[in-house]
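Here's the structure, in structure tokens; my notes come after.
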Amino acid sequence: PIQINGASQVITYLEGENKISINKSEKFSSPAGISVAKGAKLTIDKEPERQGSIEVLNKTNVNKTGAAIGGNGGEDAGTIHIKGGIVTAKMTNSNSMGAAIGASLGKSVTEIRISGGTVTAETKWNGAGIGTGSAVNKERTGKIVIEGGTVNASSWSGAGIGSGYGHAPGSSAIIAKIEIHGGMITAYSYDGACIGSGRDSSSSVLIDGGTICLVKKNNESGRNAAHIGKGYESTQAPTDVTITGGTICLI
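In the numbering used here, the protein residues as written are 319 to 569.
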């Protein structure tokens with residue numbers, strides 16, 4: 319794994335094809351493939367006229383699951399900015415709890431900003447594709463801003479883009495604050511919103527630009543989540559949606 323600690327400000331320019339895979343973990347927690355500590359910032363870009371890609375896989379299955387890119391297990395994450403290149407982040411274990419890009423189980427992420435490049439973020443279970451991880455009775459927060467690039471994000475019980483499964487009863491904290499100002503976005507979740515709240519979770523969504531495609535799969539007759547807004551069982555946690563622009567389609 320790659321670790322960005324303290325208050326470090328790191329800019330990495332992708333060149334060629336790169337891959338990081340987290341296959342093993344400690345007894346109760348796993349690291350992120352690329353960890354960005356609270357207070358640190360990672361910017362991912364590519365050189366003009368050059369191709370560059372990175373694939374980051376987190377294959378672990380422990381209580382404190384780290385993200386693929388973002389927070390180590392049990393630690394808050396800092397700021398992640400993707401400006402260019404091809405970035406793929408996946409939580410491949412069917413019991414994964416962290417976000418593919420963003421926060422680990424039960425922790426917060428300062429900000430995820432995507433302004434360019436091609437980004438794929440996928441989780442198999444309770445974390446968001448892009449946003450916060452899962453947690454029950456745990457207060458955590460995260461901010462996601464998309465203003466450009468091509469983004470494909472998916473989850474099962476977390477939001478495709480937004481919050482992971484679960485909230486803290488009685489808390490007014492918004493688990494994920496999402497702003498979409500541009501870009502080409504495709505998002506999916508089964509029990510969570512495609513964009514917004516994971517199952518039994520909270521979020522605020524502002525959309526004023528971009529082209530957004532929300533996936534409706536043929537086998538989801540039992541789906542009870544909104545495509546933008548609330549996830550399944552998100553009746554106690556607050557969700558707010560404001561749409562003033564952009565193009566939105568259901569595919």
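Quick reminder that beta carbons are idealized off the backbone N, C-alpha and C, glycines included.
Around the beta carbon of K337, a 10 Å sphere encloses fewer than 16 other beta carbons of the protein chains shown; the residue is thus reported as exposed. For I322, the enclosing beta strand (DSSP E) has its first and last residue at 320-322. Secondary structure of D558 (DSSP, three-state): strand. Separation of E367 and Y331 (C-alpha to C-alpha, rounded to the nearest whole angstrom) is 12 Å.
DSSP places E457 in the coil class of the three-state scheme, outside both helix and strand. Ranking S371, I496, R458, A395 by CA distance to the CA of A350 puts A395 first.
In this structure, DSSP gives Q327 an extended state, which the three-state scheme calls strand.
L423: not part of any beta strand (DSSP E); DSSP gives it neither H nor E. Apart from the 5 residues on each side of it in sequence, Q321 sits with its Cβ closer than 6 Å to the Cβ of S353 in its chain, given in chain order. The three-state reading of DSSP puts I569 in coil, since its state is none of H, G, I, E or B. Residue Y550 holds the alpha-carbon nearest to the alpha-carbon of G540 among I546, C531, V533, Y550. Taking A494 as reference, the option from A407, T562, C567, G424 with the minimal CA-CA separation is G424. Exposure of S490 is indicated by the presence of fewer than 16 other C-beta atoms within 10 angstroms of its C-beta.
Annotation: S475 is outside any beta strand (DSSP E) and is labelled neither H nor E by DSSP.
For I493, there is no enclosing beta strand (DSSP E), as DSSP marks it with neither H nor E. Counting other Cβ atoms within 10 Å of its Cβ, I546 reaches 16 or more and is therefore classed as buried. Membership of S371 in the beta strand (DSSP E) is indicated by the continuous run 370-376. As the crow flies, the alpha-carbon of E457 is around 29 Å from that of I362. Between the alpha carbons of S426 and A358 lies a distance of about 13 Å.
In this chain, the beta strand (DSSP E) harbouring M409 covers 404-409.
Exclusion of the five residues before and after R517 leaves S475, Y483, D509, G510, G549, Y550, E551 as the residues of its chain whose Cβ lies within less than 6 Å of its Cβ.
Burial is judged here by how many other beta carbons sit within 10 angstroms of a residue's own beta carbon; N341 has fewer than 16 and is exposed. Distance from the Cα of G447 is smallest, within the candidate group M415, S433, T428, for M415. K401 is bridged by DSSP to nothing; it lacks a bridge partner.
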